[in-house]
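Peer 1: The following block contains the structure, expressed as structure tokens.
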Amino acid sequence: MRVLYVASEAVPFAKTGGLADVVGALPKFVRRLGNDAIVLIPRYRGVKSRRVILPSLTIPLGSSLKFCSIHEGSPVDEVRFFLVEYPDFYDRDELYRHAGRDYPDNAERFALLSLAALEFAKRAPLPPDVIHCSDWQTALVPVYLKTLYRGDAFFENTKTLLTIHNLAYQGVFPRSTMARLGLPAELFNMEQLEFYGNINLLKAGIVFANKLSTVSERYSQEIRTPEFGCGLEGVLQKRAADLTGILNGVDYTQWNPEQDPWLVSNYSVKDLQGKQQCKMELLNQFGIDNSLDRPLIGIISRMADQKGFDLLQAVAGTMVEDGFSMVVLGTGDERYTRFFLALQERYPAYVAAKIGYDEWLAHKIEGGADLLLMPSRFEPCGLNQIYSLKYGTVPLVRATGGLDDTIQDYSDSSTGTGFKFDGYSPEALLGTARRALEVYRMPARWLELVRNGMQRDFSWSRSAQRYVELYQSLA
Ligand code: ADP
2 MRVLYVASEA VPFAKTGGLA DVVGALPKFV RRLGNDAIVL IPRYRGVKSR
52 RVILPSLTIP LGSSLKFCSI HEGSPVDEVR FFLVEYPDFY DRDELYRHAG
102 RDYPDNAERF ALLSLAALEF AKRAPLPPDV IHCSDWQTAL VPVYLKTLYR
152 GDAFFENTKT LLTIHNLAYQ GVFPRSTMAR LGLPAELFNM EQLEFYGNIN
202 LLKAGIVFAN KLSTVSERYS QEIRTPEFGC GLEGVLQKRA ADLTGILNGV
252 DYTQWNPEQD PWLVSNYSVK DLQGKQQCKM ELLNQFGIDN SLDRPLIGII
302 SRMADQKGFD LLQAVAGTMV EDGFSMVVLG TGDERYTRFF LALQERYPAY
352 VAAKIGYDEW LAHKIEGGAD LLLMPSRFEP CGLNQIYSLK YGTVPLVRAT
402 GGLDDTIQDY SDSSTGTGFK FDGYSPEALL GTARRALEVY RMPARWLELV
452 RNGMQRDFSW SRSAQRYVEL YQSLA
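Mapping to the numbering used here: the sequence shown position 336 is 337, numbers consecutive.
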């Protein structure tokens, strides 16, 4: 199979969240299964080009012509990464927004990426069997294929898969944007692009893609309900037969305490001594109380409503007084960053918060914390809880989406790997934290829990196999 991945971010070139981890890793594993896999992303500011592949690629976008070029970045494990260069759109401080506001031309920026993907594909000797798109930014690929490129014999046998990494981000723009994106006006109807008077690019992709997937089984069911469907539950119900849930995998070459270069001491399930050293280092680095009898909660997260920190706001003080310490790393909504900074000020001996994006510190927290907290309101897959399992850092999560699929509650059986709560309430979070505290104070039990998690395997191999089966079913 020849698969072209088109996405708005990919590790190691550009990342704001889990999407980049997936697009950076999945192609490598799909390739190992004997397929051809290449990736196309924008060339954002700072993304290094190794060479120019196509110096000039003219893209008609609405009534204007955009003159792009295609570069190639350094391959990652033999997967080739191509970059769309169009400085007016991509050479900016951040990927999607600046100073808390989305870039006003995001629709054009990512429509260009989608069209560039098709024009780039056409320069190859053979068409891709599957174009694998992700989220609203590339959801127009299936739409363009079935409209502007309808009669194009080159793409006669090309199919599309759209993966929804997070339904909460849909790419909603005014109706007037359609002409600028070159979208035929007749698509503006409720069955296709219209969404309450605007156009919705994710909806467009859901309607036009040959198949759909999302990043956990549980989330694939949740998004068909009004509670999680963000207004798209109806259209997803219609396409239920074509919607699959495939759990994200983890690239254990990046996330493995046995060889993580950022840890002060490496460790493994057989020898956990290094984990204590990682905890001490983390506590010392932040100057918080280093008595080891206080379980240390780690948080590494975007600070968004989705992540459930409003629950923590109500009970964090009680948790600290109960005996927890916390190290927090994140950026996002001021409402939450302010809360964490205030908590740090109130409990300087037990709470440390760093507002920012810091890959290095994320690894240190995975290594040094005892628990990782993800009380999400919804969570399509979630990666940090999966990394945590490998690092012997016990996840405390809300039972939703991928969190529910990947974590088994300690009380369920002797194979439990973490702590889960169902109801979205501060009381449920506090009750579960207290349950965790009790177990933490029984070292033999805690060790069993840690070891159970470390032995779970969420490597990409299995998920990549499922994607390949999906591609084959399309072709
Ligand atoms: P989402 O995609 O909703 O942000 P995921 O759990 O799927 O959540 O993926 C988040 C990814 O981003 C993880 O790899 C996590 O380590 C990383 N991450 C999130 N916030 C930060 C941060 N402030 N610093 C470093 N890494 C972060």
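Ideal Cβ placement from N, Cα and C applies to all residues, glycine included. Values in this document were obtained by computation on a predicted structure and should not be read as measured data.
1. Would you check if there are 3 or more beta carbon pairs closer than 8 Å linking the stretch 333-352 to the stretch 237-248?
2. Is it the case that the CB of residue 303 approaches a heavy atom of ligand 1 more closely than 7 Å?
3. Could you tell me which residues DSSP puts in a beta bridge with residue 55?
4. At the level of alpha carbons, what is the spacing between residue 142 and residue 469?
5. List, from N- to C-terminal side, the alpha helix (DSSP H) runs of 4 residues or more that fit wholly inside the stretch 401-447.
6. Any idea which residues DSSP pairs residue 102 with across the strands?
7. Decide if residue 90 is buried, meaning its Cβ has at least 16 other Cβ atoms within 10 Å, or exposed.
8. Say the cut is 7 Å; is the CB of residue 405 nearer than that to a heavy atom of ligand 1?
9. Counting pairs of Cβ atoms below 8 Å between the stretch 458-466 and the stretch 248-259, do you hit three or more?
10. Please state the DSSP three-state secondary structure of residue 191.
11. For the candidate residues 198, 194 and 344, whose alpha-carbon lies nearest to that of residue 204?
12. Which whole-angstrom value describes the C-beta separation of residue 139 and residue 9, a residue pair presumed to lie in contact below a C-beta threshold of 8 Å?
13. Which first and last residues belong to the alpha helix (DSSP H) in which residue 212 is found?
14. How many Å lie between residue 211 and residue 44 at the Cα?
15. Residue 49 to residue 70, Cα distance in whole Å?
16. What is the C-beta distance between residue 369 and residue 282, in whole angstroms, given that I count them as a contact (C-beta under 8 Å)?
17. Taking residue 150 as the reference, which of 133, 17, 164 and 185 has the closest Cα?
18. Excluding five sequence neighbours on each side, which residues of the same chain lie with their C-beta closer than 6 Å to the C-beta of residue 303?
19. For the beta strand (DSSP E) that contains residue 245, what are its first and last residues?
20. Helix, strand or coil for residue 325? Go by DSSP, reduced to three states.
21. Tell me whether the stretch 7-26 and the stretch 435-448 touch, counting them as touching only if at least three CB pairs, one residue from each stretch, are closer than 8 Å.
22. Can you list, in chain order, the residues of its chain whose CB lies under 7 Å from that of residue 460, leaving out five sequence neighbours each side?
23. Evaluate contact between the stretch 95-104 and the stretch 72-83, counting only Cβ atoms and requiring at least three cross-stretch pairs below 8 Å.
24. Note down, in chain order, each residue of its chain lying with its Cβ closer than 8 Å to the Cβ of residue 219, except the 5 sequence neighbours on either side.
25. Confirm, please, whether the CB-CB distance from residue 427 to residue 305 is below 8 Å.
26. Any heavy atom of ligand 1 closer than 7 Å to the Cβ of residue 1?
27. Apart from the five residues just before and just after residue 111, which ones in its own chain have a Cβ nearer than 8 Å to its Cβ?
28. From residue 279 to residue 395, what distance separates their C-alpha atoms?
29. Helix, strand or coil, according to DSSP, for residue 304 in the structure here?
30. Rounded to whole angstroms, what's the CA-CA distance from residue 421 to residue 456? Just pull it up for me.
31. List the endpoints of the continuous alpha helix (DSSP H) containing residue 258.
32. Which residue's Cα is closest to the Cα of residue 27: 52, 79, 169 and 62?
33. Let's test the definition: count the other Cβ atoms within 10 Å of the Cβ of residue 348 and tell me whether it reaches 16, buried, or not, exposed.
34. Residues in the same chain with beta-carbon distance under 8 Å from residue 55, minus the five sequence neighbours each way, listed in chain order, please.
35. Suppose you measure from the CA of residue 389 to the CA of residue 36; what does that come to, to the nearest Å?
36. How would you label residue 167, buried or exposed, when you count the other beta carbons within 10 angstroms and need 16 or more for buried?
Peer 2: This is what the structure holds:
1. no
2. yes
3. 71
4. 20 Å
5. 402-407 and 427-441
6. 99
7. buried
8. no
9. yes
10. coil
11. 194
12. 7 Å
13. Run containing residue 212: none in the alpha helix (DSSP H); it sits in the beta strand (DSSP E), 212-215.
14. 28 Å
15. 14 Å
16. 6 Å
17. 185
18. 333
19. 244-246
20. coil
21. no
22. 250, 251 and 253
23. no
24. 246, 401, 402, 403, 405 and 406
25. no
26. In the structure displayed, the chain extends from 2 to 476; residue 1 sits before or after that span and is not available.
27. 9, 137, 138, 139, 141, 172 and 202
28. 15 Å
29. strand
30. 19 Å
31. Where residue 258 is concerned, there is no enclosing alpha helix (DSSP H), given that its DSSP letter is neither H nor E.
32. 79
33. buried
34. 70, 71, 121 and 124
35. 31 Å
36. buried
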